[in-house]
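Trainee:
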Amino acid sequence: MTTPYSHRPGTDDHAGPPPGCPAHGLVADAFGGDHLAPSGLRRLYGPEAENDPMGLYEKLRAEHGSVAPVLLHGDVPAWLVLGHSENLHMTRTPSQFSRDSRRWSAVNDGSVPPDHPLAPIFTWQPICVFADGADHERLRGAVTDSIGRIDHRGVRRFINRYSNRLVNDFCQDGKADLVSRFAEHLPMMVMIQILGMPEEYSERLVQAARDMIKGTETAVESNEYVMGALNRLVARRRAAPREDFASWLVEHPAGLTDAEVAQHLRLVLIAAYETTANLIANVLRMVLTDPRFRAQLSGGHMTLPEAVEQTLWDEPPFTTIFGRWAVGDTELGGQRIKAGDALVVGIAAANVDPVVRPDVNASMQGNRAHLAFSGGPHECPGQDIGRAIADTGIDALLLRLPDIQLAVPEEDLRWSASLMSRHLQELPVTFAARPPQDVAGPPSATPRHAPRTEWQVESPRPVPAQAAPGPAVVPPPVPTAPAGAQPTAPPAGQIPQQRRPAAPARAWQAVVRWWRGY
Numbered sequence: 019m020t021t022p023y024s025h026r027p028g029t030d031d032h033a034g035p036p037p038g039c040p041a042h043g044l045v046a047d048a049f050g051g052d053h054l055a056p057s058g059l060r061r062l063y064g065p066e067a068e069n070d071p072m073g074l075y076e077k078l079r080a081e082h083g084s085v086a087p088v089l090l091h092g093d094v095p096a097w098l099v100l101g102h103s104e105n106l107h108m109t110r111t112p113s114q115f116s117r118d119s120r121r122w123s124a125v126n127d128g129s130v131p132p133d134h135p136l137a138p139i140f141t142w143q144p145i146c147v148f149a150d151g152a153d154h155e156r157l158r159g160a161v162t163d164s165i166g167r168i169d170h171r172g173v174r175r176f177i178n179r180y181s182n183r184l185v186n187d188f189c190q191d192g193k194a195d196l197v198s199r200f201a202e203h204l205p206m207m208v209m210i211q212i213l214g215m216p217e218e219y220s221e222r223l224v225q226a227a228r229d230m231i232k233g234t235e236t237a238v239e240s241n242e243y244v245m246g247a248l249n250r251l252v253a254r255r256r257a258a259p260r261e262d263f264a265s266w267l268v269e270h271p272a273g274l275t276d277a278e279v280a281q282h283l284r285l286v287l288i289a290a291y292e293t294t295a296n297l298i299a300n301v302l303r304m305v306l307t308d309p310r311f312r313a314q315l316s317g318g319h320m321t322l323p324e325a326v327e328q329t330l331w332d333e334p335p336f337t338t339i340f341g342r343w344a345v346g347d348t349e350l351g352g353q354r355i356k357a358g359d360a361l362v363v364g365i366a367a368a369n370v371d372p373v374v375r376p377d378v379n380a381s382m383q384g385n386r387a388h389l390a391f392s393g394g395p396h397e398c399p400g401q402d403i404g405r406a407i408a409d410t411g412i413d414a415l416l417l418r419l420p421d422i423q424l425a426v427p428e429e430d431l432r433w434s435a436s437l438m439s440r441h442l443q444e445l446p447v448t449f450a451a452r453p454p455q456d457v458a459g460p461p462s463a464t465p466r467h468a469p470r471t472e473w474q475v476e477s478p479r480p481v482p483a484q485a486a487p488g489p490a491v492v493p494p495p496v497p498t499a500p501a502g503a504q505p506t507a508p509p510a511g512q513i514p515q516q517r518r519p520a521a522p523a524r525a526w527q528a529v530v531r532w533w534r535g536y
């Protein structure tokens, strides 16, 4: 554990480890060993952070406790907050930990240049995420009021339609990568419809959105591409408002400038896209790989919204959020934080904090105390839209492809990581090939004239062990059809139901189907 008040990041204490410390001379090398900078601090970038971020967080927790000194890109010092309660305190106390990046001492002293890889994330802009107090209330109020005007039932219709369209693109192949062909496209298709810019949808926009938060060499260029599309949208809505999110921001009584409108559109688009794309991929991976998860889900003990919530605990879309900046000298988690220090909200680490979750394998069903959407006054205002895209989209996919199976061993799945997220690169699956369906209608696993059935994802059945020698076991008799009767089989594409739901359950399912728009 770090000695209390042993200040590391900041403006006045950059000393390295004491003579003889084994941290001297260690640098990031091949993945698998300790990856310490010459200063003795661990990096939140490089091989270890990219290949095993959760393992890195646990090392930091063991070495420093609930708040750990770390290095960002370019070995810029910062604090990673690992504890659940410490993260809540930091996010709920803007008087101590501000979102205004102009307070960052590393920016003010020039040690973080304007072209830093994380510049698209931390460069101050006139938007609510960089504001506190009255400015934050004015800007955030415009965003939340506009989100409140979204027709959620209408959005679910768009989700179903776009999910159907995406499945149509690969349903005849019998195989697909659900990351590149579903998870990465559905959120963008829905969000540009909400914002009012469907004519801007393209593969370039999808890739630029994901590139912006990676801290790559092309992040600044990708940001310019996205902003160009959004600026064109704002100009069109100033001239001719419509019933969409962009128009509501333009017309809001808060009186946002064109620059403020465009920046908030960027904020909503990128945050919603990245979180939801990762969430969809993570939920699908759990459905396809976790036997307990699949058994619960297919057996009717866990609804898809509950499955989404469990995933938000175990694989949050954002692993961290950068950043907060100390308003003055203070203490957090036994560490002395200096004015101007940068702090990182440790979402994934807080979700497995032993203080609040001593058994990481325990079910968190019904518990929404996770930090997947941060907390405090800057908590994600559009989280319910993200949940709707994930659970409605996945339900539509599984309804169309109920026999879906992972095409590779789980251990062969590959991940890529950045400071803020851990992204599943591919999720290859196989299924029985099916014809496309009408994208204007509701998704269905059966012909349009047949009633909708519930999907069920099955785990491979275990092969029974060779029976030991002994008395033969006679199975019970199997009922047979009357003589002359023709055998019947379920319609193509359907999965036989285990039992018909009781009348109250059928009534509730009818209400759910009405709410979802089919």
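Take the sequence shown: its position 226, counted from the start at 1, is 244 in this note's numbering, and no numbers get skipped.
Cβ coordinates follow ideal geometry from the N, Cα and C atoms, glycine included.
(1) Is there contact between the region 114-124 and the region 383-391, where contact requires at least three CB pairs shorter than 8 Å?
(2) Just to confirm my understanding: we take ASP47, look at its own chain, exclude 5 residues before and 5 after, and list those with CB closer than 6 Å. What are they?
(3) Grouping DSSP H, G and I as helix and E and B as strand, with all else coil, what is MET422?
(4) Measuring only the C-alpha atoms, how far is GLU81 from ARG121?
(5) Quick one: is ASN369 buried, meaning 16 or more other Cβ sit within 10 Å of its Cβ, or exposed?
(6) Taking DSSP as the reference, what is the three-state secondary structure of HIS341?
(7) Is the region 291-303 in contact with the region 265-273, if contact means three or more CB pairs nearer than 8 Å?
(8) Grab me the residues of VAL374's own chain with a C-beta within less than 6 Å of its C-beta, minus the 5 sequence neighbours each way, in chain order.
(9) Note down the Cα distance separating VAL197 from GLN443, rounded to an integer number of angstroms.
(10) Just to confirm, are ASP3 and LEU184 a CB contact at a threshold of 8 Å?
(11) On the DSSP bridge assignment, give the partners of PHE115 in chain order.
(12) Do you know offhand how far VAL238's Cα is from ALA289's?
(13) Mind checking which residues open and close the beta strand (DSSP E) that includes LEU89?
(14) Apart from the five residues on each side of it in sequence, which residues of its chain come closer than 6 Å, Cβ to Cβ, to LEU248?
(15) Do you know offhand how far PRO478's Cα is from PRO427's?
(16) Suppose the cutoff is 6 Å on Cβ atoms and the five residues either side in sequence are ignored; what does the same chain contact list for LYS193 look like?
(17) Classify SER113 as buried or exposed, calling it buried when 16 or more other Cβ atoms lie within 10 Å of its own Cβ.
(18) Tell me where the beta strand (DSSP E) around HIS441 begins and ends.
(19) Please classify ARG167 as buried or exposed, where buried requires at least 16 other C-beta atoms within 10 Å of its C-beta.
(20) Quick one: measure Cβ to Cβ for ALA406 and ILE177, integer angstroms, because I've assumed they're closer than 8 Å.
(21) Quick one: is the Cβ of LEU100 within less than 7 Å of any heavy atom of the ligand NAD?
(22) Would you be able to state if there are at least three C-beta pairs under 8 Å between the region 320-334 and the region 342-351?
(23) Out of curiosity, what's the CA-to-CA distance linking PRO205 and THR294?
(24) Just grab the DSSP bridge partners of GLU349 for me.
(25) What is the rounded straight-line gap between the Cα of LEU62 and the Cα of ARG79?
(26) How long is the line joining the alpha carbons of LEU389 and ALA152, rounded to whole angstroms?
(27) Could you tell me which of ILE165, HIS170, PRO71, ALA227 sits nearest to ALA264, measuring between CA atoms?
(28) What are the complete alpha helix (DSSP H) segments, minimum 4 residues, inside the region 168-234?
(29) Report, in whole angstroms, the separation of the C-beta atoms of SER439 and THR337, which I expect to be a contact under 8 Å.
Mentor: Quick answer:
(1) Verdict: no, contact absent.
(2) The residue given as residue 47 occupies position 29 in the sequence shown. No answer about ASP47 holds up, because its pLDDT of 37 lies below 50 and its placement is not dependable.
(3) Residue 422 sits at position 404 when you count from the first residue of the sequence shown. According to the sequence provided, residue 422 is Ile. The question's Met does not apply to it. In this structure, ILE422 counts as coil in the three-state DSSP scheme.
(4) Here residue 81 corresponds to residue number 63 of the sequence shown, with the count starting at 1. Here residue 121 corresponds to residue number 103 of the sequence shown, with the count starting at 1. If I take the Cα positions, the gap works out to 28 Å.
(5) Here residue 369 is taken as the residue at index 351 of the sequence shown, counted from 1. Buried.
(6) Position 323 of the sequence shown, counted from the start, is the residue given in the question as residue 341. Reading the sequence as shown, one finds Gly at residue 341 and not His. Strand, per DSSP.
(7) No, because fewer than three Cβ pairs between the region 291-303 and the region 265-273 fall closer than 8 Å, the two stretches do not touch.
(8) Indexing the sequence shown from 1 puts residue 374 at position 356. Within the same chain, Cβ atoms closer than 6 Å to the Cβ of VAL374 are found at HIS102, the five residues on either side in sequence being excluded.
(9) Within the sequence shown, residue 197 is the residue found at index 179, counting from 1. Within the sequence shown, residue 443 is the residue found at index 425, counting from 1. So the alpha carbons of these two residues sit roughly 7 Å apart.
(10) Residue 3 lies beyond the stretch modelled for the chain, which goes from 19 to 536, so this question has no answer here.
(11) Along the sequence shown, one-based indexing puts residue 115 at 97. DSSP output for PHE115 lists ALA344 as bridge partner(s).
(12) Locating residue 238 in the sequence shown gives position 220, counting from the first residue. Locating residue 289 in the sequence shown gives position 271, counting from the first residue. Rounded to whole angstroms, VAL238 and ALA289 show a C-alpha spacing of 16 Å.
(13) What you label residue 89 is simply residue 71 of the sequence shown in a count that begins at 1. Note, LEU89: beta strand (DSSP E), 85-90.
(14) If you number the sequence shown from 1, residue 248 lands on position 230. In its chain, beyond the 5 residues on either side, ALA280, LEU283, ARG284 have a beta carbon closer than 6 Å to the beta carbon of LEU248.
(15) Within the sequence shown, residue 478 is the residue found at index 460, counting from 1. Within the sequence shown, residue 427 is the residue found at index 409, counting from 1. Confidence in PRO478 is poor, its pLDDT being 45 and thus under 50, which makes the residue's placement unreliable; the coordinate value appears in the next sentence. Computed Cα separation, rounded: 13 Å.
(16) To locate residue 193, count along the sequence shown from 1; it is residue 175. Leaving aside the five residues that flank LYS193 on each side, the residues in its chain whose CB is nearer than 6 Å to its CB run, in chain order, THR448.
(17) Within the sequence shown, numbered from 1, the residue matching residue 113 stands at position 95. Exposed: under 16 other Cβ atoms inside 10 Å.
(18) As a position in the sequence shown, residue 441 is number 423, starting the count at 1. Residues 440-442.
(19) Taking the sequence shown and counting its residues from 1, one reaches residue 167 at position 149. Around the C-beta of ARG167, fewer than 16 other C-beta atoms lie within 10 Å, and the residue is accordingly described as exposed.
(20) In the sequence shown, residue 406 corresponds to position 388, counting from 1. In the sequence shown, residue 177 corresponds to position 159, counting from 1. ALA406 to ILE177, Cβ: 7 Å. Contact.
(21) As far as ligands go, the structure on display features none, and thus does not contain the ligand NAD.
(22) Touching, no.
(23) Looking up residue 205 in the sequence shown gives position 187. Looking up residue 294 in the sequence shown gives position 276. Their Cα atoms are separated by approximately 6 Å.
(24) Locating residue 349 in the sequence shown gives position 331, where the first residue counts as 1. Paired residues: ARG354.
(25) For the purposes of this step, residue 62 is taken as residue 44 along the sequence shown, with counting starting at 1. For the purposes of this step, residue 79 is taken as residue 61 along the sequence shown, with counting starting at 1. Cα atoms of LEU62 and ARG79: separation of roughly 14 Å, rounded to the nearest angstrom.
(26) On the sequence shown, residue 389 is found 371 positions in, with the first residue counted as 1. On the sequence shown, residue 152 is found 134 positions in, with the first residue counted as 1. Rounded to the nearest angstrom, the two C-alpha atoms are 25 Å apart.
(27) Position 246 of the sequence shown, counted from the start, is the residue given in the question as residue 264. For ALA264, the closest alpha carbon among the candidates ILE165, HIS170, PRO71, ALA227 is that of ILE165.
(28) Listed in chain order, the alpha helix (DSSP H) runs fully inside the region 168-234 are 170-186, 204-213, 221-230, counting runs of at least 4 residues.
(29) Residue 439 sits at position 421 when you count from the first residue of the sequence shown. Residue 337 sits at position 319 when you count from the first residue of the sequence shown. Indeed, because the Cβ distance is near 6 Å, the residues count as touching under 8 Å.
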